[in-house]
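First the structure, in the form of C-alpha coordinates, and then the observations on it.
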Amino acid sequence: MPTYRLTIEYEGTRYRGWQQQENARTVAGELIRAIEQAAEEAIELMGAGRTDAGVHALAQVAHLRLARAVEPQRFRDDVNTLLPPDIHVLSLQQAPERFHARHSASARSYLYQISRR
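For the sequence shown, my numbering begins at 1 and goes up steadily by one.
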(Lines of atoms letter the chains of each structure in order from A and count residues from 1; the text may use other names and numbers.)
(Lines give C-alpha, C1' and ligand atoms only; values in the text may rest on other atoms or scores of the structure.)
Protein backbone atom coordinates (compact mmCIF):
# COMPACT_ATOMS: atom_id res chain seq x y z
CA MET A 1 0.00 0.00 0.00
CA PRO A 2 1.68 3.23 -1.08
CA THR A 3 1.89 6.06 1.47
CA TYR A 4 1.14 9.64 0.44
CA ARG A 5 2.10 12.88 2.18
CA LEU A 6 -0.30 15.79 1.81
CA THR A 7 0.27 19.46 2.57
CA ILE A 8 -3.05 21.21 3.13
CA GLU A 9 -4.19 24.78 3.70
CA TYR A 10 -7.58 25.74 5.04
CA GLU A 11 -9.61 28.63 6.34
CA GLY A 12 -11.22 27.03 9.37
CA THR A 13 -13.97 29.50 10.24
CA ARG A 14 -16.79 27.17 9.15
CA TYR A 15 -15.33 24.02 10.74
CA ARG A 16 -15.36 22.43 14.19
CA GLY A 17 -11.62 21.81 14.01
CA TRP A 18 -9.48 19.21 12.29
CA GLN A 19 -10.55 15.95 13.93
CA GLN A 20 -13.42 14.07 12.30
CA GLN A 21 -16.55 14.07 14.50
CA GLU A 22 -20.03 12.69 14.08
CA ASN A 23 -22.63 15.38 13.38
CA ALA A 24 -20.01 18.13 12.99
CA ARG A 25 -18.36 19.60 9.91
CA THR A 26 -14.58 19.21 10.25
CA VAL A 27 -11.57 19.70 8.01
CA ALA A 28 -10.53 16.04 8.20
CA GLY A 29 -14.11 14.97 7.53
CA GLU A 30 -14.24 17.03 4.33
CA LEU A 31 -10.85 15.72 3.21
CA ILE A 32 -11.77 12.10 3.91
CA ARG A 33 -15.03 12.47 1.99
CA ALA A 34 -13.24 13.95 -1.05
CA ILE A 35 -10.32 11.51 -0.99
CA GLU A 36 -12.57 8.48 -0.62
CA GLN A 37 -14.67 9.67 -3.55
CA ALA A 38 -11.59 10.24 -5.74
CA ALA A 39 -9.88 6.99 -4.69
CA GLU A 40 -13.06 4.92 -4.66
CA GLU A 41 -11.96 3.28 -1.38
CA ALA A 42 -12.17 3.89 2.35
CA ILE A 43 -9.12 5.61 3.84
CA GLU A 44 -7.67 6.69 7.16
CA LEU A 45 -6.19 10.19 7.24
CA MET A 46 -3.63 11.11 9.90
CA GLY A 47 -2.75 14.76 10.48
CA ALA A 48 0.48 16.01 12.03
CA GLY A 49 -1.64 17.80 14.62
CA ARG A 50 -5.15 18.95 15.31
CA THR A 51 -6.60 22.42 15.14
CA ASP A 52 -9.50 23.74 17.16
CA ALA A 53 -12.76 25.13 15.81
CA GLY A 54 -12.29 28.22 13.65
CA VAL A 55 -8.50 27.84 13.35
CA HIS A 56 -6.76 28.19 9.98
CA ALA A 57 -3.72 26.35 8.59
CA LEU A 58 -1.19 27.35 5.96
CA ALA A 59 0.68 24.03 5.66
CA GLN A 60 -0.91 21.22 7.68
CA VAL A 61 0.77 17.90 6.89
CA ALA A 62 -1.16 14.63 6.77
CA HIS A 63 -0.64 11.15 5.40
CA LEU A 64 -2.74 8.32 4.04
CA ARG A 65 -2.28 4.93 2.47
CA LEU A 66 -4.06 3.79 -0.67
CA ALA A 67 -4.61 0.27 -1.99
CA ARG A 68 -3.18 1.27 -5.37
CA ALA A 69 -0.63 3.76 -6.63
CA VAL A 70 -1.93 7.02 -8.08
CA GLU A 71 -0.31 9.78 -10.09
CA PRO A 72 0.14 12.37 -7.31
CA GLN A 73 -0.57 15.62 -9.19
CA ARG A 74 -3.60 14.23 -11.00
CA PHE A 75 -4.99 12.74 -7.77
CA ARG A 76 -4.38 16.04 -5.91
CA ASP A 77 -6.29 17.89 -8.64
CA ASP A 78 -9.14 15.36 -8.50
CA VAL A 79 -9.40 15.75 -4.71
CA ASN A 80 -9.29 19.56 -4.91
CA THR A 81 -12.25 19.60 -7.30
CA LEU A 82 -14.26 17.70 -4.67
CA LEU A 83 -13.32 19.95 -1.73
CA PRO A 84 -15.07 23.12 -0.61
CA PRO A 85 -13.21 26.30 -1.63
CA ASP A 86 -11.87 26.94 1.89
CA ILE A 87 -9.83 23.69 1.94
CA HIS A 88 -7.04 23.06 -0.57
CA VAL A 89 -4.44 20.31 -0.97
CA LEU A 90 -1.26 22.20 -1.88
CA SER A 91 0.82 19.10 -2.57
CA LEU A 92 0.48 15.35 -2.58
CA GLN A 93 3.51 13.15 -3.01
CA GLN A 94 4.41 9.53 -2.50
CA ALA A 95 6.30 9.11 0.76
CA PRO A 96 8.44 6.36 2.25
CA GLU A 97 6.33 3.51 3.63
CA ARG A 98 7.31 4.39 7.21
CA PHE A 99 6.38 8.09 6.91
CA HIS A 100 3.94 9.22 9.59
CA ALA A 101 2.66 12.82 9.58
CA ARG A 102 2.78 13.18 13.37
CA HIS A 103 5.77 10.99 14.30
CA SER A 104 8.00 12.04 11.39
CA ALA A 105 7.56 15.78 12.06
CA SER A 106 10.79 17.49 13.10
CA ALA A 107 9.17 20.83 13.98
CA ARG A 108 5.85 22.64 14.22
CA SER A 109 5.18 26.34 13.92
CA TYR A 110 2.19 28.29 15.21
CA LEU A 111 1.14 31.90 14.73
CA TYR A 112 -1.42 33.34 17.12
CA GLN A 113 -3.20 36.54 16.17
CA ILE A 114 -5.32 38.05 18.91
CA SER A 115 -7.55 41.06 18.45
CA ARG A 116 -7.06 43.74 21.11
CA ARG A 117 -10.36 45.53 20.50
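Virtual Cβ for every residue (Gly too), placed ideally from N, Cα, C.
Asked	Found
For Val-13, does the three-state DSSP call read helix, strand or coil?	Residue identity check: residue 13 is Thr in the sequence provided, not Val. Looking at Thr-13 - three-state DSSP - the assignment turns out to be helix.
Can you tell me whether DSSP reads Arg-50 as helix, strand or coil?	coil
So what does Ala-119 bridge to, in DSSP terms?	Any property of residue 119 remains undetermined from this structure, which presents the chain solely from 1 to 117.
Would you mind giving the Cβ-Cβ distance between Glu-44 and Ile-87, rounded to the nearest angstrom? I have them listed as a contact below 8 Å.	The Cβ separation is near 18 Å, so there is no contact.
Drop a sphere of 10 angstroms on the beta-carbon of Ala-105, count the other beta-carbons inside from all chains shown, and report buried for 16 or more, exposed for fewer.	exposed
Quick one: any contact between the segment 66 to 77 and the segment 35 to 42, if contact means 3 or more CB pairs under 8 Å?	yes
Where does the unbroken alpha helix (DSSP H) through Ala-28 begin, and where does it stop?	27 to 39
Mapping DSSP to helix, strand and coil, what is Gln-21?	strand
Please state whether DSSP places Arg-76 in a helix, a strand or coil.	helix
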